[in-house]
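Contents: one structure, followed by commentary.
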Amino acid sequence: MAVGSRDETNNHFGSTHFLEHLLFKGTKTRTAMDIAVAFDSVGGSSNASTGKEHTSYYAKVQDKALPIAVEVIADMLTSSLIDETEFENERPVILEELAMNDDDPQDVVHEAFSAAVLGDHPLGRPIGGTIETITAVSRAAVWEHYQNNYRPQDLVVAAAGSVDHQELIKLVEQGLSAAGWDLGLQAQPVPRRLLNPAKISRGSKLNVIHRPISQVNIMVGSEGLYVDDPRRYAMGVLNTVLGGGMSSRLFQEIREKRGLAYSVYSFNQGYSDAATYGLYAGCSPAKAKEVTELMIAELDKVAQSGITSEELVLARGNISGSLALKFETNQARMSRLASAEIVAGEFMDLDETIERFEAVELSQVQALAQDLMKLPRSIVAVGDVTETMFESFVR
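According to the UniProt record's numbering, the sequence shown is numbered sequentially starting from 1.
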């Protein structure tokens with residue numbers, strides 16, 4: 001479904017993830033046990049995941065069990081009851097999930113970093129909501145979210161493996177029309193959501209979340225590149241060279257050469273109309289200032305001097321190889337098909353994608369690093385540290 005946590009209104013905050021749980025709890029014709037048995041009886045599996053821009057419901061079954069998989073998922077999407085008793089039974093489960101995430105410093109630093117860079121926009125909020133919002137949200141609010149957002153025009157169906165396209169279309173039409181969904185609507189690309197620029201935090205932010213733990217988790221960065229930014233291929237090369245593996249500059253300088261951290265990497269998290277770019281490291285509090293300085297320095301070196309021809313060749317090989325391996329599974333191919341349709345309205349095959357990375361030039365990588373260094377810099381740290389350790393790096 002082309003609906004994610006970013007599409008929630010304030011009184012629905014956390015409803016998308018809550019709803020994902022509830023759709024497995026029963027429909028007009030199936031109990032929660034019926035749904036579970038439908039997949040267990042054919043040796044299959046079903047699951048779901050909530051993102052900031054879409055929610056996925058998926059199943060893995062033998063090809064001969066495709067009809068039952070489509071029928072059950074269609075029933076869940078169109079005819080779930082959102083029973084009051086099931087709703088109240090699931091609330092503490094989600095609260096436990098949120099508590100589990102809050103106990104993970106890496107989860108905490110990622111969420112806090114998104115909030116620091118993206119400000120008041122829904123993309124800066126945690127997907128699952130908060131303890132306060134999930135405690136307060138009503139069944140009526142989640143039901144309203146379901147009715148308003150689970151519509152034919154928001155549905156994308158993707159499949160990979162031993163499947164006939166026309167047969168899949170027939171099965172989907174049968175499943176959806178049985179629930180009264182209007183299938184006569186002309187297919188439309190999912191409209192791009194336009195961001196209110198005033199919602200984005202354009203200034204620097206420093207947020208230190210004190211936790212009495214052994215390590216400090218540090219994230220340094222700024223706004224990044226949208227999913228459709230033409231510079232995203234240069235970003236792939238930059239991330240590979242800077243923080244994408246054991247041969248990357250951050251890994252070699254901070255871990256191998258100096259022994260300051262175990263985990264260190266860089267990333268770009270792009271959405272339709274917003275993005276974050278960050279450098280991450282986990283280290284002891286005593287080393288936090290030095291590690292932060294080194295991460296920023298490595299990005300600045302690329303901005304000042306670029307990367308080498310050897311690094312460019314290595315990055316191209318790394319990207320092409322990892323992409324080929326990544327999409328060997330049916331689930332990965334299925335997810336890529338659906339994401340491409342939701343985000344871009346078109347699909348680029350793997351060969352063309354690799355060609356785009358192969359075409360990246362040295363000057364493009366350096367120019368991108370220069371652009372990133374010019375942006376307001378935010379820092380978030382979770383651990384036994386103080387703000388004074390990082391104040392000199394924020395600008």
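Where a beta carbon is used, it is the ideal one built from N, C-alpha and C, also for glycine.
query, result
"Identify, in the order they occur along the chain, each residue of the same chain with its Cβ nearer than 6 angstroms to the Cβ of Arg-192, setting aside the five sequence neighbours on each side.", "Only weak support is given to the placement of Arg-192: the predicted model assigns it a pLDDT of 48, under 50, and the value that follows is read from those uncertain coordinates. Answer for Arg-192: Ser-272, listed in chain order."
"Who are the near neighbours of Ser-46 in its chain, counting only those whose CB is closer than 6 angstroms to its CB and skipping five residues on each side?", "Phe-39 and Ala-59"
"For the beta strand (DSSP E) containing Ala-281, list its first residue and its last residue.", "275–283"
"Looking at the secondary structure, which residues open and close the alpha helix (DSSP H) in which Met-348 lies?", "Neither: Met-348 is in no alpha helix (DSSP H) and is coded neither H nor E."
"Out of Glu-346, Ala-324 and Gln-304, which has the shortest C-alpha to C-alpha gap to Ser-363?", "Gln-304"
"Taking 8 angstroms as the cut-off, does the stretch 90–110 touch the stretch 212–221 (at least 3 CB pairs, one atom from each stretch)?", "yes"
"Would you mind working out which of Val-157, Lys-28, Leu-98 and Gln-366 sits nearest Asn-239, comparing C-alpha positions?", "Gln-366"
"Sort Glu-387, Ser-392 and Ala-315 by Cα distance to Glu-361 and report the nearest one.", "Ala-315"
"Quick one: what's got a C-beta closer than 7 angstroms to Ile-213's C-beta in the same chain, skipping five residues either side?", "Pro-105, Gly-383 and Asp-384"
"Whole angstroms is fine: what's the gap from Leu-350's alpha carbon to Ala-344's?", "15 angstroms"
"Are the beta-carbon atoms of Val-42 and Ile-68 separated by less than 8 angstroms?", "yes"
"What does Ala-48 pair with, by DSSP beta-bridge criteria?", "Tyr-57"
"With distances taken from CA atoms, which of Leu-171, Glu-352, Asp-75 and His-210 is nearest Lys-25?", "Asp-75"
"My assumption, with CB atoms under 8 angstroms, is that Ser-222 sits in contact with Leu-372. Please give the rounded CB distance.", "6 angstroms"
"Of all the options Val-93, Glu-8, Ile-379 and Glu-167, which has the alpha carbon lying nearest to the alpha carbon of Ala-281?", "Ile-379"
"Measuring alpha carbon to alpha carbon, tell me which residue in His-145, Arg-30, Ala-332 and Ser-204 is nearest Met-1.", "His-145"
"Unbroken alpha helix (DSSP H) runs of length 4 or more, entirely within the stretch 219–303: which are they?", "232–243"
"Mapping the DSSP letters down to three states, classify His-121 as helix, strand or coil.", "coil"
"So is Glu-310 buried or exposed if we call it buried at 16+ other beta carbons inside 10 Å?", "exposed"
"Hey, would you say Thr-55 sits closer than 8 angstroms to Gly-129, going by beta carbons?", "no"
"Going by DSSP in three states, Ala-315 sits in which element: helix, strand or coil?", "helix"
"Please determine if the stretch 290–309 and the stretch 235–249 are in contact, where contact requires at least 3 C-beta pairs separated by less than 8 angstroms.", "yes"
"For Ala-160 and Arg-333, which I take to be in contact (beta-carbon distance under 8 angstroms), what is that distance rounded to the nearest angstrom?", "4 angstroms"
"Whole-angstrom Cβ separation of Gly-236 and Ile-319, contact assumed at under 8 angstroms?", "6 angstroms"
"Within 10 Å of its beta-carbon, does Gly-278 have 16 or more other beta-carbons around it, so buried, or fewer, so exposed?", "buried"
"Quick one: is Tyr-262 buried, meaning 16 or more other Cβ sit within 10 Å of its Cβ, or exposed?", "exposed"
"Could you name each continuous beta strand (DSSP E) segment of 3 residues or more that falls completely within the stretch 85–115, going from the start of the chain to the end?", "none"
"Can you tell me which of the three DSSP states Ser-5 falls into?", "helix"
"When the Cα of Gly-270 is compared with those of Val-227, Arg-249, Asp-34 and Arg-258, which residue comes out closest?", "Val-227"
"When DSSP builds the beta bridges, which residues end up paired with His-210?", "Gly-383"
"I need the straight-line Cα distance from Val-156 to Thr-386, nearest angstrom please.", "46 angstroms"
"Would you mind working out which of Phe-267, Arg-356, Gln-331 and Val-394 sits nearest Lys-374, comparing C-alpha positions?", "Val-394"
"Does Lys-170 pass the burial test, meaning 16 or more other C-beta atoms within 10 Å, or should it be called exposed?", "exposed"
"Are Thr-276 and Phe-18 close, meaning C-beta to C-beta below 8 angstroms?", "no"
"Just to confirm, is the Cβ distance from Tyr-265 to Leu-250 under 8 angstroms?", "yes"
"Using a 10 Å radius around the Cβ and a threshold of 16 neighbouring Cβ atoms, would you call Leu-325 buried or exposed?", "exposed"
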